[in-house]
Amino acid sequence: LPLTRAPARTYPFELDPFQRLTTTCIERDESVLVCAHTSAGKTVCAEHAIAVALRDGQRVVYTSPIKALSNQKYRELQDIFTDVGLITGDVTIAEGASCLVMTTEILRSMLYRGSELVREIKWVIFDEIHLLGSPDRGWVVEEVLILMPPGVRVLLLSATVPNAVEIAEWVAELHGSPVHVVSTARRPTPLRHYVCALGGPGLHLVQDEDGWFDEARWQSAVSGLPVLKPPPNAATLSGETVVADGPSSKQLVRAQQVIRVLSRLGPLAMLPAILFCFSRRECELLATLLGQAAAAAAAAAAKTAVDATAAN
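Position 95 of the sequence shown, counted from 1, bears residue number 95 in our numbering, the numbering being contiguous throughout.
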């Protein structure tokens, strides 16, 4: 149905069909569950919900599962809307702002305490709603959805999930208002799979964006891999080589291989990149080694420049 007034926000590009449908539902004051691939443009939907709330003099909350994502989203939204605050437990910035970015746990705590803020909220945006099924964090999202006042509208952002309609039906029953399910299978950012085998040469494209698997490149990537040996003068404990007062040999080898992979991404114009670490210690080790590698590269470049100047 046609809108009764101009949209709260316009864009310098043509919206995808799922974005147009989602923003229309938001303008009509109706909740939406958006399922789309990574980089498909779900952020546009979130920004539109914030723009609607600010236009109508209402408050909106953007929740994310972890503090790091909350900090990042706060910086992004601050550049667009300015009237943005942040509450993560560690940091509180402009808690009286019309748009507040916070972790899901913070919002859950506010709901339990009966915070004044809760009575002022019109929209809540849930990022990564597919974590609803996670045994570790899903219960927090579930409690927040159950405890929210019925007049609050929700925008649920998710990667593609098989039970989107089931989730929407549950939320609609909780709040007594409709929840639209908007999904798209289109992936605007091509997904290509590369392999850089541990200890092997090169970075190999083994599956293109059309899903075609290159068996020859795969064999080239994994054939003739060397056997990695632990560093000398180290003791062995529980099957893993451990260096006293430092990272294990396994962690060092893995870190060195990661740095080797990252060094190959630059010439292919594939930086910046996101690297996932499964422990804080590994993350700190990689950050330290990458800093050292960057410093060494900068020193080498400076020496090369000095030598070239001297030669001239």
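Every residue gets a Cβ at the ideal spot worked out from N, C-alpha and C, and that includes glycine. Here the structure is a predicted model, which means the values were calculated and not measured.
- Item | Nearest-angstrom Cα separation, counted from Trp123 out to Ile129 | Inter-residue distance for Ile129 and Trp123 is about 15 Å (C-alpha atoms, whole angstroms).
- In three-state terms, what does DSSP make of Tyr74? Three-state DSSP puts Tyr74 in a helix.
- Query: Around the Cβ of Ser64, are there at least 16 other Cβ atoms within 10 angstroms (buried) or fewer (exposed)?
  - Reply: When all chains shown are included, Ser64 counts as buried.
- Three-state secondary structure (DSSP) of Trp123: strand
- Query: Can you tell me whether DSSP reads Arg187 as helix, strand or coil?
  - Reply: coil
- Message: According to DSSP, simplified to helix, strand and coil, what is Thr236?
- Response: Below a pLDDT of 50, predicted positions are generally treated as unreliable, and Thr236, at 44, falls in that range; the measurement from the model is reported next regardless. Looking at Thr236 - three-state DSSP - the assignment turns out to be strand.
- Assuming Arg119 contacts Cys196 under a Cβ cut-off of 8 Å, what Cβ separation, rounded to an integer in Å, is found between them? Not really, about 53 Å apart at Cβ, beyond 8 Å.
- Item | Reference Met148; option with closest CA among Arg137, Ser134, Ser177, Ala164 | Ser177
- Message: Pull the bridge partners of Thr160 from the DSSP assignment, please.
- Response: Note: Thr160 sits in no beta bridge, so no partner.
- Using DSSP with H/G/I as helix, E/B as strand and the rest coil, what is Tyr62? strand
- Member of Pro162, Asp208, Glu105, Gln78 whose CA lies at the smallest distance from the CA of Ala94: Gln78
- Query: Under a Cβ-count criterion, where at least 16 other Cβ atoms within 10 Å of its own Cβ denotes burial, should Thr82 be classed as buried or exposed?
  - Reply: exposed
- What's the C-alpha gap between Val306 and Val261? Their Cα atoms are separated by approximately 29 Å.
- Item | Bridge-paired residues (DSSP) for Gln257 | None; Gln257 has no bridge partner.
- Query: Closest by CA to Leu155, which one among Ala301, Ala311, Thr22?
  - Reply: Thr22
- Query: When DSSP labels each residue in this structure, what does Ser223 get in the three-state scheme?
  - Reply: coil
- Task: Work out the CA separation of Ser98 and Gly239 for me, nearest whole Å.
- Result: Residue placement at Gly239 is poorly supported in this model, since its pLDDT is 47, which falls under 50; the coordinates still yield a value, given next. Between Gly239 and Ser98, the C-alpha separation is close to 55 Å.
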